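K.L.:
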Amino acid sequence: SGVVFRVTDRFAPAPTSAVHAFCHALPGLWHQMGVMLSAAASLAWLSGVMETPAAALLAPLGESVDAPSPIKFLPYLDGERTPHNDAAASGAFVGLRGATGRGQIVQAVLEGVAYAARDNLAALSAAGGPIAELDLVGGGSRSPLWAQICADVLGIPVHRVEEGEVGAALGAARLGRLAATGESAAAVCTRPRRLASFTPRASVAAAYDEAYRRWRALYPALKETN
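No gaps in the numbering here: position 17 of the sequence shown is 67 in the working numbering, and each next residue is one more.
Written out as structure tokens, the structure is:
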């Protein structure tokens, strides 16, 4: 799964858009999160179908793309949580043609996850105010290409952070340390060092805004076909 997560100072649920709101593990704090049920798993699925390692699928695309893929991908391989809360939602490719190449399909998968993240970002922003930037964690954060696509689609800077590939495991270890040692959260739960930053490119902003608008129309159009 993929999560857009932020810490808040109050309980701010938004059930109509499936934004989760929970008590934080640290005293006096809350958190909100939007959840995608297939994020990096979408690339893993494509890797399995094409019988090609994910790194080999990504390599021909380089570290950035000049325009959105003409193919649209809905990453709803296991239903979707935020913002649809629809267990029956299914994945789809739209726009396939005889001339479609593997690179366009790979790019579409990366962009489909980024578009879904933009849905999540919009839902969280509506529930608790705008989000100005994001730190990336998890296996997908290792790809500069995917990070740049996320920045371009989301329209905000995104950052790769030190030890980001271990994801939530580092946070769990820190909480265990707090419980075992009694140290202060301020001393233990420090912000990870940022290794690289990716900013939205003006040259592709309008194209990605239009591509996202078209992508958003697909879920309601295809819902009754599930």
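Glycine residues also receive a C-beta, built at the ideal position from the N, C-alpha and C atoms. Predicted model, so just to flag it, every value in this text is computed and none were measured.
Where do the ends of the alpha helix (DSSP H) carrying Cys239 lie?
P.N.:
Counted from its first residue, the sequence shown places residue 239 at position 189. First-last for Cys239: undefined, no H or E at that position.
K.L.:
Taking the alpha-carbon positions, what's the Leu146 to Tyr258 distance?
P.N.:
Reading the sequence shown from its first residue, position 96 is the one you call residue 146. Reading the sequence shown from its first residue, position 208 is the one you call residue 258. Distance between the alpha carbons of Leu146 and Tyr258 is about 19 Å.
K.L.:
Would you check if the distance between the CB atom of Leu96 and the CB atom of Leu108 is smaller than 8 Å?
P.N.:
Along the sequence shown, read from residue 1 onward, the residue named residue 96 stands at position 46. Along the sequence shown, read from residue 1 onward, the residue named residue 108 stands at position 58. Cβ distance not < 8 Å, so Leu96 and Leu108 don't count as in contact.
K.L.:
How big is the Cα-Cα spacing for Ala35 and His81?
P.N.:
Residue coverage of the chain in this structure runs from 51 to 276, which leaves residue 35 outside it and unanswerable.
K.L.:
Going by the DSSP bridge assignment, what does Met86 pair with across the sheet?
P.N.:
As a first step, residue 86 must be located in the sequence shown, where it is residue number 36. Answer is Gly52, bridged to Met86.
K.L.:
Secondary structure at Ser191, three-state DSSP: helix, strand or coil?
P.N.:
Against the sequence shown, residue 191 aligns to sequence position 141. Helix at Ser191.
K.L.:
Which residue from Arg210, Ala236 and Arg264 puts its Cα closest to that of Leu76?
P.N.:
The residue labelled residue 76 in the question sits at position 26 within the sequence shown. Taking Leu76 as reference, the option from Arg210, Ala236 and Arg264 with the minimal CA-CA separation is Ala236.
K.L.:
Could you name the residues that DSSP lists as bridge partners for Val296?
P.N.:
Not covered by the structure: residue 296. The range shown for the chain is 51 to 276.
K.L.:
When DSSP labels each residue in this structure, what does Arg263 get in the three-state scheme?
P.N.:
Locating residue 263 in the sequence shown gives position 213, where the first residue counts as 1. Three-state DSSP puts Arg263 in a helix.
K.L.:
Report the rounded CA-to-CA distance for Ala219 versus Ile121, giving the unit in angstroms.
P.N.:
Here residue 219 corresponds to residue number 169 of the sequence shown, with the count starting at 1. Here residue 121 corresponds to residue number 71 of the sequence shown, with the count starting at 1. Looking at the two C-alpha atoms, the distance is approximately 35 Å.
K.L.:
Are Gly214 and Leu184 close, meaning C-beta to C-beta below 8 Å?
P.N.:
Locating residue 214 in the sequence shown gives position 164, where the first residue counts as 1. Locating residue 184 in the sequence shown gives position 134, where the first residue counts as 1. Not a contact, by the Cβ cut-off of 8 Å.
K.L.:
Taking 8 Å as the cut-off, decide whether the C-beta atoms of Glu212 and Arg243 are in contact.
P.N.:
On the sequence shown, position 162 is the one that residue 212 refers to. On the sequence shown, position 193 is the one that residue 243 refers to. Yes, the pair counts as a contact, with Cβ atoms nearer than the cut-off.
K.L.:
Do Val203 and Met44 count as a contact pair if the criterion is CB distance below 8 Å?
P.N.:
No answer is possible for residue 44: the residues shown for the chain start at 51 and end at 276.
K.L.:
Using DSSP with H/G/I as helix, E/B as strand and the rest coil, what is Asp169?
P.N.:
Numbered from 1 along the sequence shown, position 119 holds the residue referred to as residue 169. DSSP places Asp169 in helix when its eight states are reduced to three.
K.L.:
With distance defined between alpha-carbon atoms, name the residue in His209, Pro207 and Thr240 nearest to Ala223.
P.N.:
Here the question's residue 223 lines up with position 173 in the sequence shown. The shortest Cα separation from Ala223 among His209, Pro207 and Thr240 belongs to Thr240.
K.L.:
Are the CB atoms of Leu160 and Gly141 nearer to each other than 8 Å?
P.N.:
Start at 1 with the first residue of the sequence shown, and residue 160 comes out as number 110. Start at 1 with the first residue of the sequence shown, and residue 141 comes out as number 91. Not closer than 8 Å, so no.
K.L.:
Given that a residue counts as buried once 16 or more other Cβ atoms are within 10 Å of its Cβ, and exposed if not, what is Ala173?
P.N.:
By 1-based counting over the sequence shown, the position of residue 173 is 123. Buried is the call here.
K.L.:
Measuring straight from C-alpha to C-alpha, what distance separates Ala182 and Pro207?
P.N.:
To locate residue 182, count along the sequence shown from 1; it is residue 132. To locate residue 207, count along the sequence shown from 1; it is residue 157. Approximately 8 Å between the Cα atoms of the pair.
K.L.:
Under 8 Å between the Cβ atoms of Asn276 and Ala149?
P.N.:
Locating residue 276 in the sequence shown gives position 226, counting from the first residue. Locating residue 149 in the sequence shown gives position 99, counting from the first residue. No; because the gap between Cβ atoms is not below 8 Å, this pair is not in contact.
K.L.:
Taking Cβ to Cβ, would you say Gly190 is nearer than 8 Å to Trp196?
P.N.:
Position 140 of the sequence shown, counted from the start, is the residue given in the question as residue 190. Position 146 of the sequence shown, counted from the start, is the residue given in the question as residue 196. Yes, the pair counts as a contact, with Cβ atoms nearer than the cut-off.
K.L.:
Once DSSP output is grouped into helix, strand and coil, what is the label at Val254?
P.N.:
Along the sequence shown, read from residue 1 onward, the residue named residue 254 stands at position 204. It is helical.
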